[in-house]
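Worksheet: one structure, shown below.
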Amino acid sequence: MSPSAPHRPAVLVARQVFPDTVDRLRQHFDVEAYADSALIGREELVRRLQGKAGVFVAASEPIDAVLLDACPSLKAVCSMAVGYNNIDVAACTARGVLVTNAPGVLTETTADFGFALMMATARRITESERFLRRGEWTHWSYDLMAGQDIHGATLGVLGMGRIGQAIARRGALGFGMKVIYHNRSRLSEAEEAAIGARWLTLPELMAQADHLVIVVPYSAATHHLVGREQLALMKPTATLTNVARGGVVDDAALAEALKAGQLAAAGLDVFEGEPRVHPALLEVPNVVLTPHIASASLATRRAMAELAADNLIAALTGGQPLTPLNP
Ligand code: DGY
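In structure tokens:
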């Protein structure tokens, strides 16, 4: 480096992402981009973070106090995911490390998928396709793959943040559903009125929903929020869809409840300990399984990556990060 050359912070892009996002970061930083399609391991992450001022991550790279202490040059952790349960924000804040996530840009895409997964679950779409592909379809029958109606049914939303509200709007305005919800804090009266949503306790929500959609963030407080006791309250005709995080639902209890007919079906995009899927869930036919793709439209994934890059650039060049998480 010549004496007059401006200092370029070094950053790590800790996972594969759009090449042009990496190119944009290269305009500002010395970028090391992890090129393997597999997730980066912890040791490798610590090793590559030595001397780095910033890191670009998503929902899977754990950033905790031990890692932060092993990587003292780190000043900014910018994630392209909205969920940030993989990042210990308090530990980052205590060490002066800025953290950002990517809220807003994936709301509608995730709500589209949550609604689609709920419909696929209620109307047994993937189960029907498997049946047809196995060559088992011999004739039209009055009850062949008969499922549950969506229109006019009661939509239960667990977690009424941006995505929950977007799902509720789809149900109320598009499908004439009655909307009930449970959330730590209630919406304002005006917000409730706009979608006709009614706040209930969690047991009331579990008991009254025809279709329960889970969109609550994962934390110690929401770990197994939906477990054996809550599942036992559901109607045997009800469905459960999870597009939040795996640990919110006790997957073993869910598999048992499905086997026992305590609910009609489940749609799961997220799993405890993913990409591992609880083996009992693979054995039940009335469950639709997808690999954590609720935000996966190309346009939205690009917007998420660009927001994380904007945040990283702002954080390390004296700008104002757009979506900081530190208090
Ligand atoms: C998110 O942004 O949190 C999605 O779950 C993708 O990881």
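Quick note on the numbering used here: the sequence shown kicks off at 1 and runs consecutively.
All C-beta atoms in this analysis are idealised placements derived from N, C-alpha and C, irrespective of residue type, glycine included.
(1) In the DSSP output, what is Cys78 paired with across the bridge?
(2) Determine the direct distance from the alpha carbon of Gly135 to that of Cys92, and round the result to whole angstroms.
(3) Please list the terminal residues of the continuous alpha helix (DSSP H) segment that includes Asn311.
(4) Whole angstroms is fine: what's the gap from His28's alpha carbon to Gln16's?
(5) Following a CB-centred definition, is Val57 positioned closer than 7 Å to any heavy atom of ligand 1?
(6) Taking the alpha carbon of Gln148 as the point to measure from, which residue in Lys259, Gly164 and Thr237 has its own alpha carbon closest?
(7) Helix, strand or coil for Pro324 per DSSP?
(8) Got a sec? Which residues, its chain only, sit under 6 Å from Ala244 by beta carbon, not counting five neighbours each side?
(9) Does Ile87 come out as helix, strand or coil in the three-state DSSP assignment?
(10) DSSP state of Asp23, grouped into three classes?
(11) Do you know offhand how far Lys178's Cα is from Leu117's?
(12) Use the C-beta contact count for His182: other C-beta atoms within 10 angstroms, 16 or more gives buried, fewer gives exposed.
(13) What's the call for Val157, buried or exposed, on a 16-neighbour Cβ count within 10 Å?
(14) Could you check if Ala303 belongs to the surroundings of ligand 1, using beta carbon to heavy atom distance under 7 Å?
(15) At a threshold of 7 Å, does Ala102 count as lining ligand 1 (C-beta to nearest heavy atom)?
(16) Using 8 Å as the threshold, is the region 285-293 in touch with the region 254-272, meaning 3 or more CB pairs across them?
(17) Going by DSSP in three states, Ile63 sits in which element: helix, strand or coil?
(18) Quick check: the Cα distance between Asp173 and Asp30, rounded to an integer number of angstroms?
This is what the structure holds:
(1) Looking at the DSSP assignment, Cys78 forms a beta bridge with Phe56 and Thr100.
(2) Taking the straight line from one Cα to the other gives about 55 Å.
(3) Where Asn311 is concerned, the enclosing alpha helix (DSSP H) stretches over Leu298 to Leu316.
(4) Cα to Cα, His28 sits roughly 19 Å from Gln16.
(5) It does not: the Cβ of Val57 is nowhere closer than 7 Å to a heavy atom of ligand 1.
(6) If we check each option's Cα against that of Gln148, Thr237 comes out closest.
(7) Note: Pro324 maps to strand in three-state DSSP.
(8) Taking Ala244 as the centre and dropping the five residues before and after it, the same chain places the C-beta of Ile214, Val215 and Val216 closer than 6 Å to its C-beta, in chain order.
(9) Correct three-state label for Ile87: strand.
(10) DSSP places Asp23 in helix when its eight states are reduced to three.
(11) Their backbone Cα atoms lie some 18 Å apart in a straight line.
(12) Buried, because 16 or more other Cβ atoms sit within 10 Å of the Cβ of His182.
(13) Only buried fits Val157, as 16 or more other CB atoms lie within 10 angstroms of its CB.
(14) For ligand 1, not one heavy atom lies less than 7 Å from the Cβ of Ala303.
(15) Yes, Cβ of Ala102 sits closer than 7 Å to a heavy atom of ligand 1.
(16) Proximity of the region 285-293 to the region 254-272 meets the contact definition, three or more beta-carbon pairs being nearer than 8 Å.
(17) Per DSSP, reduced to three states, the secondary structure at Ile63 is strand.
(18) A small fix is needed here, since residue 173 is Leu in this sequence, not Asp. Computed Cα separation, rounded: 49 Å.
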